[in-house]
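Structure representation (structure tokens):
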């Protein structure tokens with residue numbers, strides 16, 4: 001489920017999780033309960049662990065090598 005950023009003009013940014021098909025354009029600010037509008041941000045890529053990415057990279061490097 002994607003995380004979206006909403007911006008309150010009084011309190012700043014807050015993050016909320018919604019299914020892509022149900023993302024509202026605004027939410028209530030958790031601090032002042034005013035309106036927080038959807039903000040455009042860069043995607044959060046690479047949220048996996050460094051170890052997991054290391055294993056994936058190692059697998060790709062050896063994918064074309066013959067096994068014994």
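Numbering (full-length UniProt numbering), first residue to last: 1 to 68.
Don't be surprised by glycine CBs; every beta carbon is placed ideally from N, CA and C.
As the structure is a prediction and not an experimental result, all values here were calculated from the model.
A Cβ-Cβ separation of about 5 Å places residue 1 in contact with residue 17 under the 8 Å criterion. Less than 8 Å separates the beta-carbon of residue 23 from that of residue 4. Taking the Cα positions, residue 30 is about 16 Å away from residue 39. Here the C-alpha atom of residue 19 lies approximately 13 Å from the C-alpha atom of residue 25.
DSSP places residue 16 in the uninterrupted beta strand (DSSP E) bounded by 12–17.
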